[in-house]
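Quick note, the sequence shown lines up with residues 9 to 180 if you use our numbering. Where a beta carbon is used, it is the ideal one built from N, C-alpha and C, also for glycine. These numbers were taken from a predicted model, which means no experiment stands behind them.
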Amino acid sequence: MSVFVTRTSQKLNFVQLQLEQLAQAQVSTGWSRQAQVECCQESVLFHLASAYGAFLCEIGDHYRLEVAQLQSFADLDALFEQAAVQSPERTELASLEQDAASWLRRLRAAYEACWQPGAKAQALNAVESQSEIRLMPLSADTVTQVTPQQCQLWQRELAQLVERLRAGMQEW
């Protein structure tokens, strides 16, 4: 079994574990509830993005492509192009990558939003008060707009995609 198969499965399992933590954070009544929710959401996004990256490597490895430097679908697509290889996996992923409304594009956009400097800029512009505690407004354009339901949907979609494409690769 390929190390990438194991890694993809491991990351999908991590997503499931984080979704459970997210559900617990949602019902929490503690003062750190919002921080716990955001932490879990970002963790889910990280593991989903990592699972997708591992799956891209898994596909490339299946076709005996050099995946050591593979970072994105564009990299995998270029490797397929160099090797003059066509695959149904490449076609389906290209369709998802090109469709701005696809679950994959929305997932990737949410993950990339985690890396935007908006949160740091807001920390620098924290609301002043008489106390030494600084209040920081939550950014409206970050991961806070990602709902637990979206996270669960993306996990299901990715798991189904992996299962379906793996089944197709095993047929060959």
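- G68 has its alpha-carbon roughly 12 Å from the corresponding atom of Q90.
- Counting C-beta atoms within 10 angstroms of its own C-beta, E46 has 16 or more neighbours from the protein chains shown and is therefore classed as buried.
- Scanning its chain for C-beta atoms nearer than 8 Å, with the 5 sequence neighbours on each side dropped, one finds around F54 the residues Y119 and C122, in chain order.
- Between L56 and L104 a beta carbon distance of about 14 Å is seen, past the 8 Å cut, so the two are scored as non-contacting.
- A buried status is given to W162, since no fewer than 16 other beta-carbon atoms sit within 10 Å of its beta-carbon.
- Across the set R172, K19, L27 and E171, the C-alpha of L27 shows the shortest separation from the C-alpha of V154.
- Runs of the alpha helix (DSSP H) lying entirely within the stretch 56-136 and spanning at least 4 residues, in chain order: 81-91, 96-106, 111-121 and 126-132.
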